[in-house]
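Each step along the sequence shown adds one to the number in numbering that gives the first Met the number 0, with nothing skipped, and position 43 is 42. One structure is given below, encoded as structure tokens.
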Amino acid sequence: MTFHVTEAFRSVTLGMRSFEAARDKALRLVGPVDRSETVPLDLALGRVLAETVVAPRDLPAFDQAAMDGYAVRLADVATAPLRIDGVTRAGDAPARLAPNCAHRIMTGASLPAGADAVIPYEQATIVGEGVAIADTPRSGGNVRRAGEDIARGQTVLPKGRVLAWPDIAALAALGIGAVRVVAPVRIAVLTTGAELRDAGETLPMAAIYDSNGPMLAALLTGRSVEVTKATVGDDYGALVERLAAAGSHCDLVITSAGMSSGDRDLVRGALAAAGGAIAVSAVSMKPGKPLALGTIGRAAFVGLPGNPQAAAFSALAFIRPMIAALSGRPPSAPIMARYMFADGRRTEKTELIPVRLEAESEQLVARRVGQPGSHRLMPLLAANAVAIVPAADTPLEDGDRLEVLPFHDPEFQGAPPCPAR
Ligand SMILES: Nc1nc2c(c(=O)[nH]1)N[C@H]1C(S)=C(S)[C@@H](COP(=O)(O)OP(=O)(O)OC[C@H]3O[C@@H](n4cnc5c(N)ncnc54)[C@H](O)[C@@H]3O)O[C@H]1N2
Ligand code: MOO
0 MTFHVTEAFR SVTLGMRSFE AARDKALRLV GPVDRSETVP LDLALGRVLA
50 ETVVAPRDLP AFDQAAMDGY AVRLADVATA PLRIDGVTRA GDAPARLAPN
100 CAHRIMTGAS LPAGADAVIP YEQATIVGEG VAIADTPRSG GNVRRAGEDI
150 ARGQTVLPKG RVLAWPDIAA LAALGIGAVR VVAPVRIAVL TTGAELRDAG
200 ETLPMAAIYD SNGPMLAALL TGRSVEVTKA TVGDDYGALV ERLAAAGSHC
250 DLVITSAGMS SGDRDLVRGA LAAAGGAIAV SAVSMKPGKP LALGTIGRAA
300 FVGLPGNPQA AAFSALAFIR PMIAALSGRP PSAPIMARYM FADGRRTEKT
350 ELIPVRLEAE SEQLVARRVG QPGSHRLMPL LAANAVAIVP AADTPLEDGD
400 RLEVLPFHDP EFQGAPPCPA R
């Protein structure tokens with residue numbers, strides 16, 4: 000029996016793009032999803048705002064005391080001691096300050112009408128039924144004015160903001176109990192390969208446990224992302240069906256393996272049969288050369304090579320930025336680090352290298368970790384980032400700066416908490 004390098008694979012490598020051109024193209028395949036939903040504040044953390052939030056009221060909502068003490072009228076202070084005409088605690092209805100009086104007041108309580116400063120207890124002395132004040136206060140002293148923090152009508156949070164804990168605090172303070180956020184980006188991960196078994200299944204000789212499926216689901220999931228995953232084996236018909244179905248209801252369809260020139264590398268053909276199209280058929284990078292980008296139905300398509308490092312690094316470099324764009328987030332600025340593993344080699348392709356990123360002398364330093372080989376998982380356990388070493392005619396030197404992609408990204412960590420019961 001004779002085997003041939005197929006014409007199909009020749010065309011794959013002919014359509015190869017540079018790493019940079021492929022990254023640009025990946026972002027041009029996606030746009031913000033046009034679905035949104037309203038969620039209660041306790042489920043809003045990490046979600047992306049679908050509309051700008053404008054303050055519906057002033058914060059503080061009313062003039063109030065900033066200290067426990069006495070509310071006074073400045074003009075009256077010289078006539079001290081002042082009679083105490085009452086008390087207002089936080090939550091009490093606003094009072095009115097009687098002439099030549101002081102009014103006991105607690106922090107956060109409404110300032111009585113007519114008062115223009117608050118004297119802390121420490122600066123006042125009780126004299127009989129009244130209170131004497133040592134120094135003349137300044138107008139507005141120890142008073143929080145209505146709207147001084149946030150004014151009604153002011154833009155508080157812009158559309159596209161990823162809601163963090165301070166945002167939740169501001170929304171809650173403004174009495175906003177629910178927000179409109181971008182609906183989760185829907186992602187399908189289809190792992191292909193006859194050799195794959197799930198953990199818990201018995202493993203026949205030459206079979207392997209699927210690690211790319213669980214890895215990609217963990218690497219790509221986030222509060223604004225819904226990942227569904229399925230293993231398709233090497234059944235061409237099933238793959239065509241799954242691709243078409245995922246393309247009709249997802250925003251992004253990702254396959255793992257089956258991208259190269261092996262006898263059972265079915266993904267490219269199945270994508271075409273399902274009505275999809277390839278826009279980038281290979282990328283000049285290592286690992287991950289057989290990566291493909293395209294479209295299927297209404298979704299963008301990414302075909303990841305099967306080797307675990309090729310799949311992981313391509314997901315970090317291409318898919319996470321695509322998800323950010325799909326969820327309406329502005330692109331994040333590149334993170335640069337000092338390269339500390341120069342080996343004098345010229346890099347013909349962009350190389351993606353597992354590194355340990357550490358802050359040293361106020362700068363980030365990246366050091367290579369682990370043995371070479373894109374099938375290995377141990378280097379990923381030791382690393383916390385991947386370094387992008389660009390193709391270059393002259394080798395990089397230790398201390399040169401290059402882009403790194405940290406593994407940990409707060410936008411990609413787990414599902415939202417369960418709502419309170
Ligand atoms: N003649 C050539 N052979 C290969 C080339 C090439 O250019 N010419 N490229 C190599 C590169 S680079 C890579 S990467 C792989 C990519 O191949 P595929 O995308 O077709 O993936 P497979 O061959 O199906 O699998 C590769 C490797 O990964 C393992 N794998 C697959 N799925 C999973 C999974 N879900 N979990 C864990 N491991 C998985 C699979 O068993 C293989 O060991 O091709 C090279 N060959
Ligand atoms: O992408 Mo492959 O992992 O270079 O072997």
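Using N, Cα and C, we set each Cβ at its ideal position, and we do this for glycine too.
Should Ala384 be counted as a contact of ligand 3 given a C-beta to heavy atom distance under 7 Å?
Among the ligands present in this structure, namely ligand 1 and ligand 2, ligand 3 is not found.
Going by the beta-carbon positions, is the gap between Pro111 and Ala94 smaller than 8 Å?
Yes, they are a contact pair.
Examine ligand 2 and report whether any of its heavy atoms sits within less than 7 Å of the Cβ of Gly257.
No - ligand 2 has no heavy atom lying nearer than 7 Å to the Cβ of Gly257.
Roughly how many whole angstroms lie between the Cα atoms of Val224 and Asp84?
The straight-line gap from Cα to Cα measures roughly 59 Å.
Terminal residues of the continuous alpha helix (DSSP H) containing Tyr235?
Tyr235 -> alpha helix (DSSP H) spans 235-248.
From Leu96, Ile104, Val126, Pro136, pick the residue whose C-alpha is nearest to that of Ala114; which is it?
Here the closest residue by C-alpha is Leu96.
When the Cα atoms are used, what is the spatial distance from Pro405 to Asn211?
C-alpha separation (whole angstroms): 19 Å.
Any heavy atom of ligand 1 closer than 7 Å to the CB of Thr190?
Indeed, a heavy atom of ligand 1 lies less than 7 Å from the Cβ.
Mark His374 as exposed unless 16 or more other C-beta atoms lie within 10 angstroms of its C-beta, in which case mark it buried.
Under a 10 Å Cβ-count criterion, His374 is classified as exposed, with fewer than 16 other Cβ atoms of the shown protein chains found around its own Cβ.
Kindly indicate which three-state DSSP category Ser313 falls into: helix, strand or coil?
Ser313: helix per DSSP, three-state reduction.
Straight-line CA distance for Glu128 to Arg82?
Each residue's Cα considered, the two are about 6 Å apart.
Is there at least one non-hydrogen atom of ligand 2 closer than 7 Å to the beta-carbon of Gln308?
Yes.
Mapping DSSP to helix, strand and coil, what is Pro416?
Any reading at Pro416 needs caution, since the residue's pLDDT is 44, under 50, leaving its predicted position unreliable; the model's value is listed next. The three-state reading of DSSP puts Pro416 in coil, since its state is none of H, G, I, E or B.
Please report the distance separating the alpha-carbon of Leu48 from that of Leu219.
Those two C-alpha atoms are separated by around 20 Å.
In terms of alpha-carbon separation, which member of Thr393, Ala237, Arg56 lies closest to Leu189?
For Leu189, the nearest C-alpha among the options comes from Ala237.
The beta strand (DSSP E) spanning Pro119 covers which residue range?
DSSP places Pro119 in the uninterrupted beta strand (DSSP E) bounded by 116-119.
Would you identify the three-state DSSP class for Glu19, choosing helix, strand or coil?
In the three-state scheme derived from DSSP, where H, G and I count as helix and E and B as strand, Glu19 is classed as helix.
Please report the Cβ distance between Pro286 and Ala314, rounded to the nearest whole angstrom; I am assuming they are in contact, meaning their Cβ atoms lie under 8 Å.
Contact doesn't hold; Cβ gap of about 12 Å is too wide.
DSSP three-state label for Thr393, please.
Residue state, collapsed to three classes: coil.
Could you tell me whether any Cβ in chain D is nearer than 8 Å to the Cβ of Ala205?
Absent from the structure: chain D. Only one protein chain is present.
Determine the extent of the beta strand (DSSP E) in which Ala299 is found, giving its start and end residues.
Here the beta strand (DSSP E) through Ala299 covers 298-303.
Comparing the CB of Ser373 with every heavy atom of ligand 2, is any distance shorter than 7 Å?
Yes - ligand 2 has a heavy atom lying nearer than 7 Å to the Cβ of Ser373.
Just checking my contact of Gln153 with Asp134 at CB under 8 Å: how many whole Å lie between their CB atoms?
Not really, about 35 Å apart at Cβ, beyond 8 Å.
Let me know the secondary structure DSSP gives Met321 once reduced to three states.
In this structure, Met321 counts as helix in the three-state DSSP scheme.
Paired residues, beta bridge with Pro39 - DSSP
Beta-bridge annotation (DSSP): Pro39 is paired with Ala177.
Apart from the five residues on each side of it in sequence, which residues of its chain come closer than 8 Å, Cβ to Cβ, to Pro307?
The answer, listed in chain order, is Ser210, Asn211, Met214, Ser373, His374, Arg375, Leu376, Leu379.
Mind checking which residues open and close the beta strand (DSSP E) that includes Ile167?
Taken as a continuous stretch (DSSP letters only), Ile167 belongs to no beta strand (DSSP E), being part of the alpha helix (DSSP H) at 164-172.
Host alpha helix (DSSP H) of Asp62 (start-end):
Bounds of any alpha helix (DSSP H) do not take in Asp62, whose DSSP letter is neither H nor E.
So is Leu156 buried or exposed if we call it buried at 16+ other beta carbons inside 10 Å?
By the neighbour-count rule (16 or more Cβ atoms within 10 Å), Leu156 is buried.
Label Ala269 either buried or exposed according to how many other C-beta atoms from any shown protein chain fall within 10 Å of its C-beta, with 16 as the threshold for buried.
Here Ala269 is buried. Its C-beta has 16 or more other C-beta atoms within 10 Å.
Here's the rule I'm using: 16 or more other beta-carbon atoms within 10 Å means buried, otherwise exposed. How should Thr201 be labelled?
Thr201 comes out exposed.
Take the Cβ of Pro39 as the centre, count every other Cβ of all protein chains shown within 10 Å, and call the residue buried at 16 or more, exposed below.
It counts as exposed.
Expressed to the nearest angstrom, what Euclidean distance is found between the alpha-carbon atoms of Met321 and Ala381?
Straight-line spacing of the CA atoms in Met321 and Ala381 works out to 26 Å.
Return yes when the C-beta of Leu195 is under 7 Å from any heavy atom of ligand 1, and no when it is not.
Yes, ligand 1 has a heavy atom inside 7 Å of this Cβ.
Hey, how far is the Cα of Val385 from the Cα of Ala245?
In a straight line, the C-alpha of Val385 is about 29 Å away from that of Ala245.
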